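S.K.: The structure's right below; bear with me while I get my questions together.
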Amino acid sequence: MKEELFVSGRAIPNIDPYLNIWHWQIPVYLFLGGLAAGLLFFAALYTLLGKEKQMPTAVKWATFLVPPALVLGLLSLFLDLKHKMFFWQLYTVIRLESPMSWGAWTLLIITPISILWSMMFLRELLEAWKGKDGKPAPMAVWSLKFLEKNQWIEQFIQWLVKYRKVLAWLMIYYGLILGIYTGILLSAFNARPLWNTSLLGPLFLVSGLSTAAATIMWMSKDHLERSTISRIDLMLIGIELFLIVHLFMGFLASSAVQIEAASLFLGGPYTVMFWVFVVFMGLILPAILETLELLGYKIPVMIPAILILFGGLVFRFVMVEAGQITRYLY
Amino acid sequence: MRYAMAIDTKKCVGCSDCVVACQTENDVPIGFCRDWIVEVMDGSYPNLEMELRSERCNHCDNAPCVRCCPTGASHIEEGGVVKVKKHRCIGCGACIQSCPYDARYSHPEGYVDKCTFCYHRLVKGEKPACVSVCPTKCMYFGDLDDENSDVSIALRNRKHKVLAPEAGTKPHIFYLI
Ligand code: SF4
Ligand code: SF4
Numbered sequence: 004m005k006e007e008l009f010v011s012g013r014a015i016p017n018i019d020p021y022l023n024i025w026h027w028q029i030p031v032y033l034f035l036g037g038l039a040a041g042l043l044f045f046a047a048l049y050t051l052l053g054k055e056k057q058m059p060t061a062v063k064w065a066t067f068l069v070p071p072a073l074v075l076g077l078l079s080l081f082l083d084l085k086h087k088m089f090f091w092q093l094y095t096v097i098r099l100e101s102p103m104s105w106g107a108w109t110l111l112i113i114t115p116i117s118i119l120w121s122m123m124f125l126r127e128l129l130e131a132w133k134g135k136d137g138k139p140a141p142m143a144v145w146s147l148k149f150l151e152k153n154q155w156i157e158q159f160i161q162w163l164v165k166y167r168k169v170l171a172w173l174m175i176y177y178g179l180i181l182g183i184y185t186g187i188l189l190s191a192f193n194a195r196p197l198w199n200t201s202l203l204g205p206l207f208l209v210s211g212l213s214t215a216a217a218t219i220m221w222m223s224k225d226h227l228e229r230s231t232i233s234r235i236d237l238m239l240i241g242i243e244l245f246l247i248v249h250l251f252m253g254f255l256a257s258s259a260v261q262i263e264a265a266s267l268f269l270g271g272p273y274t275v276m277f278w279v280f281v282v283f284m285g286l287i288l289p290a291i292l293e294t295l296e297l298l299g300y301k302i303p304v305m306i307p308a309i310l311i312l313f314g315g316l317v318f319r320f321v322m323v324e325a326g327q328i329t330r331y332l333y
Numbered sequence: 036m037r038y039a040m041a042i043d044t045k046k047c048v049g050c051s052d053c054v055v056a057c058q059t060e061n062d063v064p065i066g067f068c069r070d071w072i073v074e075v076m077d078g079s080y081p082n083l084e085m086e087l088r089s090e091r092c093n094h095c096d097n098a099p100c101v102r103c104c105p106t107g108a109s110h111i112e113e114g115g116v117v118k119v120k121k122h123r124c125i126g127c128g129a130c131i132q133s134c135p136y137d138a139r140y141s142h143p144e145g146y147v148d149k150c151t152f153c154y155h156r157l158v159k160g161e162k163p164a165c166v167s168v169c170p171t172k173c174m175y176f177g178d179l180d181d182e183n184s185d186v187s188i189a190l191r192n193r194k195h196k197v198l199a200p201e202a203g204t205k206p207h208i209f210y211l212i
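Residue numbers (our numbering), protein chains in the order written: chain A, 4 to 333; chain B, 36 to 212.
Set out below in structure tokens:
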């Protein structure tokens with residue numbers, strides 16, 4: 004029997020709990036980042052395909068969620084920092100070797116882009132905004148008046164509309180970077196064997212796209228749009244399942260530390276969390292429900308959408324938590 | 036110049052003097068430490084073998100903690116010493132996640148702290164505090180490029196190992212076995 008004991012150091016109570024340095028903030032940040040990346044991607048994709056009319060939720064309405072998601076994401080990243088007053092140091096250098104650095108810069112670029120994008124549809128949103136009594140909401144009336152008075156805003160928006168394809172290309176590009184980044188942030192750490200696999204980038208990207216698809220489905224009132232997105236989502240779920248199987252095949256064929264990491268999910272403490280909440284409830288069950296709905300059964304679209312979003316969130320929590328307890332020594 | 040340390044696991048008695056010396060020398064807050072003792076029991080009864088190791092940052096050549104730092108707070112000083120600039124550190128924890136030896140901790144003031152090989156002593160030509168207090172004189176410190184330094188001689192004469200070489204970090208704390 005092999006035994007390893009500590010007589011000091013790790014027995015000092017203030018350090019060990021602190022080594023699990025990342026708590027809820029990081030998974031929330033990764034979740035919101037992935038969601039925002041996916042929403043921008045779909046909006047840009049359907050704009051470039053010339054399907055703005057057929058896919059109004061994907062192109063317009065869902066993108067109003069992006070700026071708040073990104074701001075909340077950045078806020079939770081900020082809450083995670085322990086030396087908060089020095090936050091600005093992030094933006095004094097670009098360190099390409101550090102995923103955290105280019106993630107921070109990507110967010111700095113993509114947040115204004117997403118704000119510009121939703122500005123284009125502001126007037127339409129305000130015009131459609133009705134109070135409970137069916138009359139235009141007072142807030143909307145006031146804002147529209149404000150727009151009337153400030154013609155330059157209107158002109159700026161016209162200018163944006165003219166160049167929206169450029170914005171769309173930027174959104175595809177930075178959206179994909181952001182989506183992949185949420186996985187690479189973790190996979191760059193060789194010291195945490197569970198994270199140290201290049202599959203994590205694509206896996207987080209696809210999962211982010213799937214949560215975005217679920218959101219669009221949930222918001223959409225158009226049957227055709229819903230079924231298009233639902234088909235795409237089914238495909239994304241398929242890819243996700245495939246990547247997950249490969250993830251574990253890769254671990255089990257790898258070194259001792261990675262086999263140990265995989266065992267956390269194969270009989271270890273995270274087994275139920277992962278296979279029941281993430282894989283079954285977050286992927287397989289919504290896929291079944293979506294298929295039934297496409298076949299014509301009446302299923303409120305809210306149910307698969309919530310399951311996917313919840314599964315995506317739990318997935319990030321599990322990966323961040325479990326990854327931190329995998330290590331090389333003791 | 037390349038600083039390194041060799042620690043004799045056959046001589047170390049696990050007294051923790053190095054731990055206390057470091058805490059005192061570097062004002063490490065109570066409840067934290069930059070070096071620690073690990074006692075490893077190996078084998079099966081009655082054929083047991085024990086190894087005592089004083090561990091700390093390995094001042095790796097291929098340091099993942101420096102690579103992943105978004106601000107450049109973690110950096111490499113002359114002689115390969117890995118240090119943290121506390122006024123650049125934002126406390127993101129990336130470097131803590133990236134270290135296979137768990138050699139870093141979050142200081143109560145928010146920045147990340149770790150062993151510096153007592154850099155402030157090295158520039159004065161002194162040895163790190165842990166090395167100079169060790170009652171069994173089991174630690175050898177010096178410049179690997181100088182073949183007459185304590186550490187070069189120790190490594191030349193004894194079998195040695197590093198911890199978790201498979202992590203690929205090229206650590207520079209050697210254990211004489
Ligand atoms: S031991 Fe850890 S903290 Fe020290 S240089 Fe290597 S990776 Fe960095
Ligand atoms: S905690 Fe500080 S030293 Fe470590 S990676 Fe973040 S900014 Fe760099």
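Yeah, the Cβ is synthetic: ideal placement off N, Cα and C, and Gly gets one too.
Values in this document were obtained by computation on a predicted structure and should not be read as measured data.
Can you tell me which of the three DSSP states A/G76 falls into?
M.R.: Looking at A/G76 - three-state DSSP - the assignment turns out to be helix.
S.K.: What in chain C is Cβ-close to B/G203, meaning under 9 Å?
M.R.: The chain inventory of the structure shown lacks chain C, comprising the protein chains A and B.
S.K.: Hey, is B/A129 close to ligand 2, as in C-beta under 6 Å from one of its heavy atoms?
M.R.: Yes, the beta carbon of B/A129 sits closer than 6 Å to at least one heavy atom of ligand 2.
S.K.: Taking 7 Å as the CB-CB limit, is B/A129 close to chain A?
M.R.: Yes - at least one Cβ of chain A is within 7 Å of the one on B/A129.
S.K.: What residues in the stretch 111 to 138 of chain B have a beta carbon less than 7 Å from any beta carbon of chain A?
M.R.: Correct list: H122, R123, C124, I125, G126, C127, G128, A129, I131, Q132, S133, C134, P135, Y136 and D137.
S.K.: Can you name the start and end residues of the alpha helix (DSSP H) that A/Y221 belongs to?
M.R.: Going by the sequence as given, residue 221 of chain A is Trp instead of Tyr. Run containing A/W221: L203 to M222, per the alpha helix (DSSP H) assignment.
S.K.: With a CB to CB cut of under 7 Å and the five nearest residues on each side skipped, what residues in its chain are close to A/I180?
M.R.: Cβ neighbours of A/I180 beyond the five flanking positions: T109.
S.K.: Alpha carbon to alpha carbon, what distance is there between A/G36 and A/L332?
M.R.: If I take the Cα positions, the gap works out to 32 Å.
S.K.: Ligand 1 heavy atoms versus the CB of B/N93: any closer than 6 Å?
M.R.: Flag set: Cβ of B/N93 near ligand 1.
S.K.: How should B/P170 be labelled, buried or exposed, when 16 other C-beta atoms within 10 angstroms of its C-beta is the threshold for buried?
M.R.: Looking at its Cβ environment, which holds fewer than 16 other Cβ atoms inside 10 Å, B/P170 is exposed.
S.K.: Verify the contact flag: B/T204, CB atom, against every heavy atom of ligand 1, threshold strictly below 6 Å.
M.R.: Yes, ligand 1 has a heavy atom inside 6 Å of this Cβ.
S.K.: Quick check on the DSSP output: what are the complete alpha helix (DSSP H) runs of length 4 or more inside the stretch 95 to 156 of chain B, in order along the chain?
M.R.: Taking only runs of at least 4 residues, the alpha helix (DSSP H) segments lying wholly in the stretch 95 to 156 of chain B are 99 to 103 and 129 to 133.
S.K.: Taking only beta-carbon positions, decide if A/Q261 is within less than 7 Å of chain B.
M.R.: Answer no: the Cβ-Cβ gap between A/Q261 and chain B never drops below 7 Å.
S.K.: What's the C-alpha gap between A/I112 and A/A259?
M.R.: Each residue's Cα considered, the two are about 41 Å apart.
S.K.: Would you call A/W25 buried or exposed, if buried means 16 or more other Cβ atoms sit within 10 Å of its Cβ?
M.R.: So A/W25 counts as buried.
S.K.: Can you list, in chain order, the residues of its chain whose CB lies under 7 Å from that of A/I287, leaving out five sequence neighbours each side?
M.R.: Around A/I287: no qualifying Cβ.
S.K.: Take B/K194 and list the residues in its own chain whose beta-carbon comes closer than 8 Å to its own, dropping the five residues that flank it on each side.
M.R.: Taken in chain order, the residues that qualify are L211 and I212.
S.K.: Does the CB of B/A199 have a neighbour CB from chain A at under 7 Å?
M.R.: B/A199 counts as touching chain A.
S.K.: Tell me, please, whether the stretch 317 to 330 of chain A touches the stretch 192 to 211 of chain A by the rule of three or more beta-carbon pairs shorter than 8 Å.
M.R.: Yes, since at least three Cβ pairs between the stretch 317 to 330 of chain A and the stretch 192 to 211 of chain A fall closer than 8 Å, the two stretches touch.
S.K.: A/R126 lies in the alpha helix (DSSP H); which residues open and close that run?
M.R.: Here the alpha helix (DSSP H) through A/R126 covers L125 to A131.
S.K.: Could you tell me whether any non-hydrogen atom of ligand 2 is closer than 6 Å to the CB of B/S109?
M.R.: Yes; taking the cut-off as 6 Å, the Cβ of B/S109 has a heavy atom of ligand 2 nearer than that.
S.K.: Under the rule that 16 or more other beta-carbon atoms within 10 Å means buried, what is B/K149, buried or exposed?
M.R.: Buried, by the Cβ-count rule.
S.K.: Can you give me the Cβ contacts of B/M36 inside the same chain, cut-off strictly under 6 Å, excluding the 5 residues immediately before and after it?
M.R.: G114, D178 and D180, listed in sequence order.
S.K.: Please list, in chain order, all residues of the same chain as A/G106 whose beta carbon is under 7 Å from its beta carbon, the five residues on each side excluded.
M.R.: The answer, listed in chain order, is Y184 and L188.
S.K.: Going along the chain, which residues of its own chain have a beta-carbon closer than 8 Å to the beta-carbon of A/A44, five neighbours each way excluded?
M.R.: The sequence shown places Phe at residue 44 of chain A, rather than the Ala named in the question. The residues are M174, I175, G178, L179, G182, L212 and A215.
S.K.: Tell me, please, whether the CB atom of B/G145 is closer than 7 Å to any CB atom in chain A?
M.R.: Yes, contact with chain A.
S.K.: Give me the residue from B/S109, B/E84, B/Y80 and B/P81 with the minimum Cα distance to B/H94.
M.R.: Out of B/S109, B/E84, B/Y80 and B/P81, B/S109 has the C-alpha closest to the C-alpha of B/H94.
S.K.: Any chance the stretch 273 to 291 of chain A sits against the stretch 242 to 261 of chain A, with 3 or more Cβ pairs inside 8 Å?
M.R.: In short, these stretches touch, since the Cβ pair count reaches three.
S.K.: Can you pull the chain B neighbours of A/T95, defined as C-beta to C-beta under 9 Å?
M.R.: Residues of chain B passing the Cβ test: T106, G107 and R123.
S.K.: Is it right to say A/S11 is buried, meaning 16 or more other beta carbons lie within 10 angstroms of its own, or is it exposed?
M.R.: In this predicted model, A/S11 has a pLDDT of only 44, less than 50, meaning its place in the structure is not dependable enough to derive any value.
S.K.: By the 10 Å Cβ neighbour count, where 16 or more other Cβ atoms means buried, how is B/L87 classified, buried or exposed?
M.R.: Buried, because 16 or more other Cβ atoms sit within 10 Å of the Cβ of B/L87.
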